[in-house]
Amino acid sequence: MPPNLTTFLRFQAQRHLRSALRRPGDILNPLVFFLMVVTLFPLGLGPDPDVLAGLAPGIVWVVALLSSLIVSGRLFQTDYEDGTLEQLVLAPHPLALSALAEIISHWLLSGVVLAAASPIFAAMLNMPVQAVPVLVISLLLGTLCLSLVGAVGAALTVGLRRGGVLLSLLTIPLTVPILIFGTSAVREAVLGYDPSSWLALMGALAAIGLILAPLAAAAGLRISLEA
Amino acid sequence: MWAFIHKMGSPPWFFRFATAVIRWLLPIVLLALLAGSLWGLLYAPPDFRQGNSYRIIFIHVPSAVVALAGYYVMASAGLVSLVWKIKMADTAMRAVAPIGAALTFVALVTGAIWGKPTWGAWWVWDARITSMLILFFLYLGVMALFEAYDNKAAAAKACAVLSLVGTVNIPIIYKSVDWWYSLHQPASIKFSGETAIDASMLYPLLLMIAAFYGLFALLVLLNMRSELLATHRQSAWLRTELG
Chain Z
-13 MPPNLTTFLR FQAQRHLRSA LRRPGDILNP LVFFLMVVTL FPLGLGPDPD VLAGLAPGIV
47 WVVALLSSLI VSGRLFQTDY EDGTLEQLVL APHPLALSAL AEIISHWLLS GVVLAAASPI
107 FAAMLNMPVQ AVPVLVISLL LGTLCLSLVG AVGAALTVGL RRGGVLLSLL TIPLTVPILI
167 FGTSAVREAV LGYDPSSWLA LMGALAAIGL ILAPLAAAAG LRISLEA
Chain E
7 MWAFIHKMGS PPWFFRFATA VIRWLLPIVL LALLAGSLWG LLYAPPDFRQ GNSYRIIFIH
67 VPSAVVALAG YYVMASAGLV SLVWKIKMAD TAMRAVAPIG AALTFVALVT GAIWGKPTWG
127 AWWVWDARIT SMLILFFLYL GVMALFEAYD NKAAAAKACA VLSLVGTVNI PIIYKSVDWW
187 YSLHQPASIK FSGETAIDAS MLYPLLLMIA AFYGLFALLV LLNMRSELLA THRQSAWLRT
247 ELG
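As given, the protein sequences belong to chains Z and E, one line each in that order. Going by the working numbering, the first sequence opens with residue -13, and the numbers climb by one from there. Going by the working numbering, the second sequence opens with residue 7, and the numbers climb by one from there.
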């Protein structure tokens, strides 16, 4: 008797979280990347605090988008390499559910961590304090959307040898609305306006993505296994 | 009707169909392009504010319209290929991608050339221009994904999934970029209500749009036909077909 769907989802998520936590480098490296790229901007643009404060929402969001894309390339990689993916395809449960478990646990260890660390980057770029909570919320929702989009791209490229750059080519155009909603929310907060409409739009994106992206990712995984 | 759709899935039948259609579509499209260009470039009146520079509209608007429609054609072909596993739909999807990308590129380049005298800059970060650029990226993504797979059947399926994901995204991208910034004039041709463009300019423009749709269909058929020639070069039916 196979376990029911919620138990299956929980088991899968636990398995991913446990194996990811055994390799803490994979969780910390994106943060270090984030920190390094944020350091590059004052070096390239000059250290003027006012200039940096004006650009901070855009900088933090673009860097978050890039580091989220880079890590999403690893999403199904280990499962593909050790054959777990084939077992999941054969399992009596829908493959979309396994994909959802993988996406959620990936988001918990990349997006949530990134959002939690973002106040540090905001402070380094002289962003006004009243905008920081909005930045964190927008990044929490935004990285979930990015993980969902990235999962579709990762599923389609998991079997390819040179999947890395290709994944960015496929997913960057699809991430445009997320970037626009995220930076607009933070910018409104910096100017002292109400950012809730932008955050609501981002929440809507996340809700649509949670329904559709696992299905598309599952289709992509089946194609990758066939190839 | 169903028999016709069924026959479209067979390579030999489609080859004959494409050859026959190309034979009469080619002269019509060439004639329409020639007539539309001459009408638009020589006989339509100059714009009272932009002078003659507006005449690039007769290339810019048709290519932009067809480029966007082409993405939906590609995605529909992808859906057909995923659901009914018709091989010709794969071929169609593959044939549309480079043509759509080329039309998007033409729209961007003519837009830049038109932007210089009108707005004073080659490139401005306006909502519609940016959306077209993203559409160009979407086309490039599909083409790159197809090239990356060794197994061409799997490549077609992967591209179908990607273009369907893109289709869900296109309205969201357009709306979000629209909220982001807008400098471009709003659409002048509307199906309901008053059009903001004079009839003397509207008719050559509509002719050019129709001609570009014809050109798109012609190029897709030619592309699919050469694809069939390449993949079935060993088949007996192709030898008898070519005599």
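Here a beta-carbon is modelled for each residue, glycine too, at the ideal position from N, C-alpha and C.
Can we say the stretch 117 to 137 of chain E touches the stretch 174 to 189 of chain E, given the rule of at least three CB pairs closer than 8 Å? yes
Would you say E/Val183 faces chain Z, with C-beta separation under 9 Å as the test? Closer than 9 Å: yes.
Decide if Z/Gln0 is buried, meaning its Cβ has at least 16 other Cβ atoms within 10 Å, or exposed. exposed
Cβ-Cβ distance between Z/Val24 and Z/Val46 below 9 Å: Against a cut-off of 9 Å, the Cβ pair of Z/Val46 and Z/Val24 comes out as a contact.
7 Å CB neighbourhood of E/Thr110 in its chain, flanking five on each side removed: Here E/Thr110 has Ala73, Met138, Leu141, Phe142 and Tyr145 as same chain residues with Cβ atoms under 7 Å from its own Cβ, once five neighbours each way along the sequence are excluded.
List, in chain order, every chain E residue whose beta-carbon is nearer than 7 Å to that of Z/Arg1. The premise fails here: Z/Arg1 is roughly 26 Å from chain E at the closest Cβ pair, so nothing lies under 7 Å.
Extent of the continuous alpha helix (DSSP H) to which E/Arg245 belongs: Note, E/Arg245: alpha helix (DSSP H), Ala242 to Leu248.
Apply the 10 Å Cβ neighbour rule to E/Ser206 and answer buried if 16 or more other Cβ atoms are within range, or exposed otherwise. Around the beta carbon of E/Ser206, a 10 Å sphere encloses fewer than 16 other beta carbons of the protein chains shown; the residue is thus reported as exposed.
Does the CB of Z/Ser210 have a neighbour CB from chain E at under 9 Å? yes
If I'm right that E/Trp128 touches E/Gly121 with Cβ under 8 Å, what's the distance once you round it to whole angstroms? 6 Å
I'd like to check one pair, E/Gly84 with E/Val174: are the Cβ atoms closer than 9 Å? Contact flag unset, no.
Which residue from Z/Leu3, Z/Trp93, Z/Ala50 and Z/Arg208 puts its Cα closest to that of Z/Ala192? Z/Trp93
What would DSSP say about E/Gly117, mapped onto helix, strand or coil? Helix.
Whose Cβ in chain C lies nearer than 8 Å to the Cβ of E/Lys122? Absent from the structure is chain C; the protein chains it does hold are Z and E.
At a CB-CB cut-off below 8 Å, which residues of chain E make contact with Z/Val18? Within chain E, no residue comes near Z/Val18; the closest Cβ sits about 29 Å away, beyond 8 Å.
With DSSP run on the structure shown, which of helix, strand or coil describes E/Gly147? helix
Cβ pair Z/Ala171, Z/Ile123 closer than 9 Å: yes
E/Phe218 Cβ short of 8 Å to the ligand GDP heavy atom set: Inclusion of the ligand GDP in the displayed structure is not the case, the ligand content being empty and no account of it being possible.
From Z/Phe(-6) to E/Lys91, what does the alpha carbon distance come to, in whole angstroms? 32 Å
Identify which residue in Z/Ile194, Z/Leu(-9) and Z/Thr157 has its Cα closest to the Cα of Z/Leu51. Z/Thr157
Quick check on Z/Ile106: buried or exposed, where buried means 16 or more other Cβ atoms within 10 Å of its Cβ? exposed
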